[in-house]
Amino acid sequence: MFSLVNKVAIVTGASSGIGRATAILFAEQGASVVVAARRQAELDALAREISDAGGEAVALAGDVRDEAYARALVELAVQKFGGLDIAFNNAGMVGNAGSVPDMALESWRETLDTNLTSAFLGAKYQVPAMIERGGGSLIFTSTFVGHTVGFPGMAAYAASKAGLIGLTQVLAAEYGAKGVRVNALLPGGTDTPASITNAPDAGPEVLAFVEGLHALKRMAKPEEIARSALYLASEASAFTTGAALLADGGVSINRT
Numbered sequence: 088m089f090s091l092v093n094k095v096a097i098v099t100g101a102s103s104g105i106g107r108a109t110a111i112l113f114a115e116q117g118a119s120v121v122v123a124a125r126r127q128a129e130l131d132a133l134a135r136e137i138s139d140a141g142g143e144a145v146a147l148a149g150d151v152r153d154e155a156y157a158r159a160l161v162e163l164a165v166q167k168f169g170g171l172d173i174a175f176n177n178a179g180m181v182g183n184a185g186s187v188p189d190m191a192l193e194s195w196r197e198t199l200d201t202n203l204t205s206a207f208l209g210a211k212y213q214v215p216a217m218i219e220r221g222g223g224s225l226i227f228t229s230t231f232v233g234h235t236v237g238f239p240g241m242a243a244y245a246a247s248k249a250g251l252i253g254l255t256q257v258l259a260a261e262y263g264a265k266g267v268r269v270n271a272l273l274p275g276g277t278d279t280p281a282s283i284t285n286a287p288d289a290g291p292e293v294l295a296f297v298e299g300l301h302a303l304k305r306m307a308k309p310e311e312i313a314r315s316a317l318y319l320a321s322e323a324s325a326f327t328t329g330a331a332l333l334a335d336g337g338v339s340i341n342r343t
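If you count the sequence shown from 1, you need to add 87 to reach this note's numbering.
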């Protein structure tokens, strides 16, 4: 049910964290994977790790905000592996925190372009390639922030991630008849290099605060979020489209 044998996937933001864990899991389940991020060295190491474990992977570094890069990733999937069935558009950034009156327009645009415009560019080329294969699964990494919880100081991040849910719903409605499923994955706090809990100046009180926001009183491991991505990528979710899947440890409902 969760097998991805004979499937081809693109995973962005694959050099670390959730993206890296998901690329490895997709490959373990049989998918051929195009791994994408900005850092070529980390991508090459990931591709070697997947290959050494018996899987198939190819790496291409670039900026997800660049339309030519979005197109090149799909072209590489088609040329190297014969098509595209799955796209996990996971690359993103939190951006600079601050109130809207104090936020620079450049900061707003950088966050929106990285989180939302990149998803539009990805879908622009991924959807037609999936239709050529008779359908596929398109996944966007959104968040509970801007969906079920409003965090002060996070306007650009919340707006960009909420926009992904809107994009998810429209694409799902537009391309369901073509066999393309489109869903958003909404993780809670996850222990990744980008997490605030791993910042150089973050003390134990920061980790305790973030863990305490969740009903489960802990952060997720990247591998746990990867398993939710696998569900959305696989036939296990064959009747799921247009959904915003919370994998957030109860942070969106916790009041204690």
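All C-beta atoms in this analysis are idealised placements derived from N, C-alpha and C, irrespective of residue type, glycine included.
Note that the structure is predicted; figures quoted are calculated from it, not measured.
Where does Arg268 sit, in a helix, a strand or coil, going by DSSP?
As a first step, residue 268 must be located in the sequence shown, where it is residue number 181. Here DSSP, grouped into helix, strand and coil, assigns Arg268 to strand.
With 7 Å set as the bound, which would you pick, yes or no: does the beta-carbon of Ser224 sit closer than that to a beta-carbon of chain D?
No chain D appears in this structure, which consists of one protein chain only.
Three-state secondary structure (DSSP) at Ser119?
Position 32 of the sequence shown, counting from 1, holds the residue named residue 119. Reduced to three states, the DSSP call for Ser119 is strand.
Would you identify the three-state DSSP class for Leu294, choosing helix, strand or coil?
Sequence index remark: in the sequence shown, residue 294 carries index 207 (1-based). Here Leu294 sits in helix by DSSP.
Identity of the residues DSSP links to Gly185 by a beta bridge:
Translated into the one-based positions of the sequence shown, residue 185 becomes position 98. Met241, per the DSSP bridge assignment.
Answer yes if the region 265 to 276 comes into contact with the region 323 to 338, meaning at least three C-beta pairs across the two stretches below 8 Å, and no otherwise.
With a cut-off of 8 Å, the region 265 to 276 and the region 323 to 338 count as touching, because enough Cβ pairs lie within range.
Closer than 7 Å by C-beta to Arg220: which residues in its own chain qualify, once you throw out the five before and the five after it? Chain order, please.
By 1-based counting over the sequence shown, the position of residue 220 is 133. The answer, listed in chain order, is Gly170, Leu171 and Asp172.
Does the distance from the C-beta atom of Ser102 to that of Glu136 stay below 7 Å?
On the sequence shown, position 15 is the one that residue 102 refers to. On the sequence shown, position 49 is the one that residue 136 refers to. Against a cut-off of 7 Å, the Cβ pair of Glu136 and Ser102 comes out as no contact.
Measure the alpha-carbon distance for Val187 versus Leu254 and round it to whole angstroms.
Residue numbering aside, residue 187 sits at position 100 when the sequence shown is read from its first letter. Residue numbering aside, residue 254 sits at position 167 when the sequence shown is read from its first letter. In this structure, the CA atom of Val187 is about 23 Å from the CA atom of Leu254.
Would you list the one or two residues that DSSP bridges to Val165?
Translated into positions along the sequence shown, residue 165 becomes position 78. DSSP lists no partner for Val165.
Classification of Phe296 by the beta-carbon crowding that lies within 10 angstroms, buried from 16 upward
As a working mapping, residue 296 is identified with position 209 in the sequence shown. It is exposed - the Cβ of Phe296 has fewer than 16 other Cβ atoms within 10 Å.
Run through DSSP, which three-state label would Ser247 get?
The residue given as residue 247 occupies position 160 in the sequence shown. Ser247 falls in the helix class under three-state DSSP.
Please report the distance separating the alpha-carbon of Leu199 from that of Gly250.
Here residue 199 refers to the residue found at position 112 of the sequence shown. Here residue 250 refers to the residue found at position 163 of the sequence shown. About 9 Å.
How should Arg196 be labelled, buried or exposed, when 16 other C-beta atoms within 10 angstroms of its C-beta is the threshold for buried?
In the sequence shown, residue 196 corresponds to position 109, counting from 1. By the neighbour-count rule (16 or more Cβ atoms within 10 Å), Arg196 is not buried but exposed.
So the alpha helix (DSSP H) Ile218 belongs to, where does it begin and stop?
Working through the sequence shown from its first residue, we reach residue 218 at position 131. Per DSSP, Ile218 belongs to the alpha helix (DSSP H) from Ser205 to Glu219.
Which residue marks the beginning of the alpha helix (DSSP H) containing Ile312, and which one marks its end?
Position 225 of the sequence shown, counting from 1, holds the residue named residue 312. Under the DSSP assignment, Ile312 falls in the alpha helix (DSSP H) whose first and last residues are Pro309 to Ala320.
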